[in-house]
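Chemist: Residue numbers (our numbering), protein chains in the order written: chain A, 1 to 257; chain B, 258 to 533. Glycine included, C-beta positions come from ideal geometry on N, C-alpha and C.
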Amino acid sequence: MSALKSVVRLLAVPALLVAVWWTATEGSTDYFWPPLRTIVGTFDDTWFHGRLTSDVLPSLLRLVAGYLLALVLGIGAGVAIGSSRTLRAVLEPVLEFFRAIPPPVLVPILMLFAGIGDGMKILVIVTGCVWPVLLNTVEGVRALDEVLRDTARSYRLRRGSRLVHLVLPGASPQIAAGARQALSVGIILMVISEMFAASEGVGFTIIQFQRTFAIPQMWTGVILLGVIGVALSALFHLAEARVLRWYTGLRRAQREG
Amino acid sequence: MTMTTADTGTMLEVRHLKKVFQGRGRTVEAVGDLTFKVKAGELVCVVGPSGAGKTTLLKCVAGLLDSTSGEVLLEGRAVTGPPPGMAVVFQEYGRSLFPWMTVRQNIELPLKEKKVPKAERQRLVREALAAVGLSDAADAHPWQLSGGMQQRVAIARAVAYEPHILLMDEPFAAVDAQTRAELEDLVRSLWKRLGVTVLFITHDIDESVYLAERVIVLSSSPTEVLADVAIDLPAERDQLGTRSLPRFAELRAEVYRLVQQAKDGERPSTIGKVAR
């Protein structure tokens, strides 16, 4: 019963929006706003006959590669910077500067260094995703509980196990917040990186449709991106709920206690 | 390095310990000149007015804080960082247990770090949990337990570590009176059973007299030892019987008087008593 209720609550607004879109465009003759019926009708033809493996898959692989690389770099550098007062003092202004640069403007420059292949596109994703992960990790490591640190020291935990058993789990709620931001940045950059000098990918395909005035097909691409975003964020929530189960429990206990 | 002055019966020796905190534009002398000894197997309580640098003292002894001058010797060796053979129980039980680990993992982690073999680890964890009466809670997370139970876990972790000396920093200041009495008895019984040396810091005069073989009274900051009171109560203590003994009342009154003197700014030099 409650499961049914939550499904209804989850789908009510999306269903309403689709219904509104459907009825509002039902008799549309506007070239740029084709009826939703037409868009849905072309979905299968547009994506499920080859493009799934030739465009969607490469895009997703680049996204995953760039995102994971950004996680590793961001968490690694974040732990180092968060643990060292000197490193923080030296690097903080520079970090703020780099974070403020929108990654899309770097695409032409990155093309000079990294060419126009997958490497460049992954690099674009990394340069955008790394900042929220990095800055949140720094904050998470800095905010580690003093008593917990003292406990770890008094039991003579070595550097390695301090990292594994204290620093990383202690900062994990903050790291997860950064990783969540980075994921949406990554999806945007996945598309943008394919708008320049690309020959395949979801972003490239959507741009192709625009340029050839294949408007219903273009709309299917937009919808597909939305669906990918929802699916990835659902995956993220699943992973986060597993990793941070202790944190949700702790928070609940603190609220009730 | 051999310390010729450290006689065999001494577990801990604090010599002319001084700790000055350098703040921005002001310096605070938290610990002035502290000297005392704790014999192996003793249970010593340290009391003092609030702000007497009790926690600073504990952190210096634990090797978590460098002293400005003077030295701390544990089993004849100078303490420069957290020494082996020492366990600390902090006041903030909620912040000293790793919330992402279960009770068992919390107790086991220091043992893994000491490279204790697995079977031995499991035995130590089981025995420590049984000793604090929490055998059923091994797979719970700390935040699923009450405050008193969490502090029991912290004590179990310390006990399983098999330290030579156990430092406790106002461990029961944040639990309710009922739990506090139970935990006091737990510390007494563990101390007697394990023969471990205990240095117990508290601001509670009753607690210090009830627990200790010796109470060290600190002056107010900059801290020195104001008095060293031997507690000659019977070894078997219980909350009702011991606390209603006339001798308990006398000792309590004496320690109370000394703490009042400390609050009034009395120093060892002014009352003509010299710290040992």
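1. Near Leu391 of chain B, which residues of its chain fall below 6 Å by C-beta distance, leaving aside the five closest residues on each side in sequence?
2. Which residues of the region 330-347 of chain B have a Cβ closer than 9 Å to any Cβ of chain A? Give them in chain order.
3. Looking only at its chain, what residues have a beta carbon closer than 6 Å to the beta carbon of Leu322 of chain B, apart from the 5 residues adjacent to it on each side?
4. In its own chain, which residues sit with a C-beta less than 7 Å from the C-beta of Arg142 of chain A, not counting the 5 before and 5 after it?
5. How should Arg37 of chain A be labelled, buried or exposed, when 16 other C-beta atoms within 10 angstroms of its C-beta is the threshold for buried?
6. Hey, does Tyr155 of chain A have any beta-carbon neighbour from chain B nearer than 8 Å?
7. Please classify Ser54 of chain A: is it buried, with 16 or more other beta-carbons within 10 angstroms of its beta-carbon, or exposed?
8. Cβ closer than 7 Å: which chain A residues qualify as neighbours of His398 of chain B?
9. Note down, one range per segment and in chain order, each alpha helix (DSSP H) of at least 4 residues found wholly within the region 388-418 of chain B.
10. Could you check which residue in B:Gly266, B:Phe457 and B:Gly327 has the C-alpha nearest to that of Gly298 of chain B?
11. How long is the line joining the alpha carbons of Ile175 of chain A and Gly327 of chain B, rounded to whole angstroms?
12. Judging by CA-CA distance, which residue of B:Ala469, B:Ser478 and B:Asn363 is the nearest neighbour of Ala395 of chain B?
13. How big is the Cα-Cα spacing for Gln208 of chain A and Leu95 of chain A?
14. Distance cutoff 8 Å, beta carbons only. Does Ala395 of chain B sit that close to anything in chain A?
15. Terminal residues of the continuous beta strand (DSSP E) containing Gly289 of chain B?
16. Is the CB of Ser353 of chain B under 8 Å away from at least one CB in chain A?
17. How would you call Leu17 of chain A, buried or exposed, if buried means at least 16 neighbouring beta carbons within 10 angstroms?
18. Does the CB of Val531 of chain B have a neighbour CB from chain A at under 8 Å?
19. Whole angstroms is fine: what's the gap from Thr259 of chain B's alpha carbon to Arg334 of chain B's?
20. Is the Cβ of Leu321 of chain B closer than 8 Å to any Cβ of chain A?
21. What residues from chain A crowd round Trp357 of chain B, counting only those whose CB sits closer than 7 Å?
Modeler: Reading it off the structure:
1. Arg409
2. Residues passing the 9 Å Cβ filter: Gly338, Pro339, Pro340, Pro341, Met343, Ala344, Val345 and Phe347.
3. Lys316
4. Gly82
5. Classification of Arg37 of chain A: exposed, given that the 10 Å Cβ count is below 16.
6. yes
7. exposed
8. Trp246 and Gly249
9. List check, alpha helix (DSSP H) in window: 404-417.
10. B:Gly266
11. 42 Å
12. B:Asn363
13. As the crow flies, the alpha-carbon of Gln208 of chain A is around 36 Å from that of Leu95 of chain A.
14. So, not an interface residue.
15. Thr284 to Lys296
16. yes
17. exposed
18. Because Val531 of chain B carries a pLDDT of 43, less than 50, the predicted location of this residue cannot be relied on, and the following value inherits that uncertainty. No, no contact with chain A.
19. For Thr259 of chain B, the predicted structure reports a pLDDT of 42, less than 50, and the residue's modelled location is therefore unreliable. A value from the coordinates is still provided. Computed Cα separation, rounded: 8 Å.
20. yes
21. Pro169 and Trp246
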